[in-house]
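Colleague: First, the structure itself, so that you have it in front of you.
Chains as they are written, first to last, in my numbering: chain H, 1 to 112; chain C, 113 to 221.
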């Protein structure tokens with residue numbers, strides 16, 4: 001139990017579907033992150049939120065849309081994804097931006 | 113550009129010592145992290161070095177040399193459960209974490 005919960009754990013969707021990934025942290029942290037992890041590639045930072053404000057968008061395509069309604073919750077809205085978007089999507093949080101991050105178990109996303 | 117290098121795979125025997133190296137070239141440096149990730153699970157934080165030298169935490173130690181752009185993670189008295197991927201990550205001058213591809217360690221009996 002890392003204190004960061006992601007749902008769903010697995011998601012299969014077609015390219016025309018719309019779905020959302022959810023992340024919740026119970027650690028009282030102020031910063032939250034979305035990462036993409038593909039096989040044989042480094043963890044790739046997508047978005048950073050600090051005190052609910054987006055501070056980083058790492059040139060992510062607009063078919064990925066983040067939302068942070070409060071410091072404990074983070075969403076990643078998905079629409080018209082491509083097969084190359086199939087990956088493990090990890091959420092993380094840290095007390096302050098740049099500090100040690102606590103990761104969720106991730107959502108394994110498969111695009112058909 | 114940003115570059116973090118670590119070996120792709122390593123093997124070792126139960127009870128032995130293994131050293132996993134990481135070299136980096138990044139835009140600024142505000143510290144280096146090591147994470148452990150078992151297959152299908154979340155990465156978990158192991159260590160953080162910001163000053164040169166060795167930080168020891170039980171069976172795991174992490175070393176940093178800022179002048180050489182080099183770190184290593186030392187695992188002693190290896191156990192089967194230490195079989196995992198070990199991720200090196202540098203905190204750059206914008207406080208982003210830049211990750212290496214990870215080193216997959218297999219421990220054999």
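Just so you know, even glycine gets a beta-carbon here, dropped at the ideal spot from N, CA and C.
1. Is residue 203 of chain C buried or exposed, if buried means 16 or more other CB atoms sit within 10 Å of its CB?
2. Check the Cβ of residue 135 of chain C against every Cβ in chain H and list those closer than 9 Å, keeping chain order.
3. Where residue 160 of chain C and residue 176 of chain C are concerned, what is the direct C-alpha to C-alpha distance, given to the nearest angstrom?
4. Check whether chain H comes within 8 Å of residue 153 of chain C, counting only Cβ atoms and requiring the distance to be less than that.
5. Apart from the five residues on each side of it in sequence, which residues of its chain come closer than 6 Å, Cβ to Cβ, to residue 110 of chain H?
6. For a contact defined as C-beta to C-beta under 7 Å, what are the partners of residue 117 of chain C on chain H?
7. Once you ignore the five residues that flank residue 43 of chain H on each side, which residues in its own chain have a CB closer than 6 Å to its CB?
8. Pick out whichever of C:132, C:221, C:120, C:116 has its Cα sitting closest to the Cα of residue 140 of chain C.
9. Show which residues of chain H have a CB atom less than 7 Å away from the CB atom of residue 55 of chain C.
10. Any beta carbon of chain H sitting closer than 8 Å to that of residue 163 of chain C?
11. Using alpha carbons as the reference points, say which of H:9, H:40, H:70 lies closest to residue 199 of chain C.
12. Could you tell me whether any Cβ in chain H is nearer than 8 Å to the Cβ of residue 169 of chain C?
13. Taking only beta-carbon positions, decide if residue 145 of chain C is within less than 8 Å of chain H.
14. Show which residues of chain H have a CB atom less than 8 Å away from the CB atom of residue 207 of chain C.
15. Spell out whether any CB of chain C is found under 8 Å from the CB atom of residue 56 of chain H.
16. Suppose the cutoff is 7 Å on Cβ atoms and the five residues either side in sequence are ignored; what does the same chain contact list for residue 14 of chain H look like?
17. How should residue 51 of chain H be labelled, buried or exposed, when 16 other C-beta atoms within 10 angstroms of its C-beta is the threshold for buried?
18. Can you tell me which residues form a DSSP beta bridge with residue 115 of chain C?
19. Could you check whether the Cβ of residue 8 of chain H sits closer than 8 Å to any Cβ belonging to chain C?
20. In whole angstroms, give me the CA-to-CA distance for residue 64 of chain H and residue 55 of chain H.
21. Which residues of chain C have a Cβ atom closer than 8 Å to the Cβ of residue 106 of chain H, listed in chain order?
22. DSSP beta-bridge partners for residue 216 of chain C?
23. What residues from chain C crowd round residue 19 of chain H, counting only those whose CB sits closer than 9 Å?
Modeller: In short:
1. Label assigned to residue 203 of chain C: buried.
2. Per Cβ cutoff of 9 Å: no residues; residue 135 of chain C is ~14 Å from chain H at best.
3. When rounded, the distance between both Cα atoms is 10 Å.
4. Output row for residue 153 of chain C: interface = yes.
5. The residues are 12, 86.
6. Chain order gives no chain H residues near residue 117 of chain C, where near means a beta carbon separation below 7 Å; the closest approach is about 11 Å.
7. Setting aside the 5 residues that flank it on each side, residue 43 of chain H is surrounded in the same chain by 35, 37, each with a C-beta closer than 6 Å to its C-beta; the list follows chain order.
8. Checked all of C:132, C:221, C:120, C:116; the closest Cα to residue 140 of chain C is C:116.
9. The requested residue 55 of chain C is not part of the displayed model; chain C covers only 113 to 221.
10. With respect to chain H, the C-beta atom of residue 163 of chain C has no partner C-beta closer than 8 Å.
11. If you compare the alpha carbons of H:9, H:40, H:70 with that of residue 199 of chain C, the shortest gap goes to H:40.
12. Look at residue 169 of chain C: its C-beta is not under 8 Å from any C-beta on chain H.
13. Closer than 8 Å: yes.
14. In chain order: 97, 98.
15. Taking 8 Å as the threshold, the shortest C-beta distance from residue 56 of chain H to chain C falls below it.
16. The beta carbon of residue 14 of chain H is closer than 7 Å to those of 112 in its chain, skipping five residues each way along the sequence.
17. Exposed is the call here.
18. DSSP, once it has assigned bridges, lists C:137 as partnering residue 115 of chain C.
19. Output row for residue 8 of chain H: interface = no.
20. Going by C-alpha positions, residue 64 of chain H is about 16 Å away from residue 55 of chain H.
21. Under the 8 Å cutoff, chain C gives 154.
22. According to the DSSP secondary-structure assignment, residue 216 of chain C is paired through a beta bridge with C:121, C:197.
23. Result: empty, since nearest Cβ-Cβ is about 21 Å, beyond 9 Å.
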